[in-house]
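If you number the sequence shown the way this note's numbering does, the last residue is 142 and the count never jumps. Glycine is no exception: its CB is placed at the ideal position from the N, C-alpha and C atoms. No experiment lies behind these values; they were computed from the predicted model shown.
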Amino acid sequence: MRHGQLSDIYRSYIDCLNRQDWVNLGQFVDDNVHYNERWVGLAGYREMLEGDFRAIPDLYFNIELLLSDPPRIASRLHFDCTPTGSLFGLPVNGKRIQFDENVFYEFADGRIARVWSIIDKAAIADQI
């Protein structure tokens, strides 16, 4: 797979998340996906994302940086949002915050098979 193809698939995946189009999530995420070295499967991955949107009703994934080296993608996602309660164990409680996530994806057969994510929790803590 070429760089541009993988980047296009990833951008479509992010669009799917932002639309909360859970029915089509399986087009982008493998049934046996792993998240931070733990098997979660497609159902667990979807459940995690749905929980994120419940905790952050105005959640929007904004691609700030995107690098493609097939079969992998590295992305820096920026968030500007208002979580309703606690987020990552921090009492945000409706305060508007900004933070970033550095995330790496490994694709297999055009779908996400592995995800490694690091969220800047210190940036959140500094804002509350």
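Minimum C-alpha distance to residue i - residue among the options
| i | options | result |
| --- | --- | --- |
| residue 101 | 125, 137, 30 | 137 |
| residue 18 | 81, 49, 108, 91 | 81 |
| residue 108 | 89, 25, 68, 79 | 68 |
| residue 40 | 29, 135, 121, 56 | 56 |
Per DSSP, cross-strand counterpart(s) of residue i
| i | result |
| --- | --- |
| residue 3 | A query on residue 3 cannot be resolved here, the shown segment of the chain reaching from 15 to 142 and no further. |
| residue 79 | 90 |
| residue 52 | 49 |
| residue 113 | 93 |
| residue 105 | 100 |
| residue 43 | 126 |
Range of the contiguous beta strand (DSSP E) that encloses residue i
| i | result |
| --- | --- |
| residue 87 | 86–95 |
Residue i, enclosing alpha helix (DSSP H) - first and last residue
| i | result |
| --- | --- |
| residue 140 | 135–141 |
Touching or not, the stretch 49–61 and the stretch 71–89, by the rule of three or more beta carbon pairs under 8 angstroms?
no
Does the count of Cβ pairs from the stretch 47–56 and the stretch 120–133 closer than 8 angstroms reach three?
yes
With a cut-off of 8 angstroms, do at least 3 Cβ pairs link the stretch 107–123 to the stretch 89–96?
yes
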